[in-house]
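Working notes, beginning with the structure itself.
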Amino acid sequence: MPEITPVCQITCVHEEAVKKVQDAMLPAEQLSNLSELFKILGDGTRMRILNALSHHELCVCDLVTIIGMSQPAVSHQLRLLRAAKLVRYRKVGKNVYYSLADDHVTILLSTALEHILEG
């Protein structure tokens with residue numbers, strides 16, 4: 000039997016609280032951008048790539064081996080992660096090395112992990 004979500008038994012609006020929250024809420028565009036970021040993070044393959052890169056900068060060939068997918072498939076995921084500004088790359092000769100874009104990505108991943116491990 001599914002758990003029932005508790006709801007108010009009577010209808011009442013706390014005007015002061017509602018006004019305070021409405022004034023503090025993010026603009027719709029920022030909320031949409033946050034939603035898009037979480038959609039990018041909502042893919043298991045992309046999370047595996049980010050997890051790998053959280054330990055060490057890796058070239059695409061290394062990521063292909065670790066993730067166990069084809070180079071075009073990994074490159075596609077990296078393109079999406081780059082577009083979301085979650086990873087960056089640098090070229091060294093014929094190799095391309097990827098790393099997490101900045102400390103914000105590291106903090107985002109570690110905070111999310113702490114949350115799910117809370118039990």
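The sequence shown begins at 0 in numbering that gives the first Met the number 0 and counts up by one. Cβ coordinates follow ideal geometry from the N, Cα and C atoms, glycine included. Computed from a predicted model, the values in this text were never measured in an experiment.
Cβ neighbour criterion (16 or more within 10 Å) applied to residue i
i    : result
Q8   : exposed
I115 : exposed
R89  : exposed
L112 : exposed
CB contact flag (residue i, residue j, <8 angstroms)
i    : j    : result
S53  : T105 : yes
A100 : R87  : yes
L85  : L49  : yes
L57  : Y97  : yes
Residue closest to residue i, alpha-carbon to alpha-carbon, out of the options
i    : options                 : result
C60  : H103, L116, E14 and K93 : K93
M46  : E35, E28 and I66        : I66
G43  : P5, M68 and E15         : M68
S31  : H103, A83 and V91       : A83
V95  : L108, Q21, D102 and V63 : V63
L108 : A51, A23 and P1         : A51
Residues that residue i bridges to, as DSSP identifies them
i   : result
V95 : K90
C7  : Answer is none; C7 lacks a bridge partner.
C58 : Y96
Contact with chain C by residue i, beta-carbon distance below 8 angstroms
i   : result
Q70 : Absent from the structure: chain C. Only one protein chain is present.
I want to know whether the segment 36 to 49 touches the segment 65 to 83 - three or more CB-CB distances under 8 angstroms. yes
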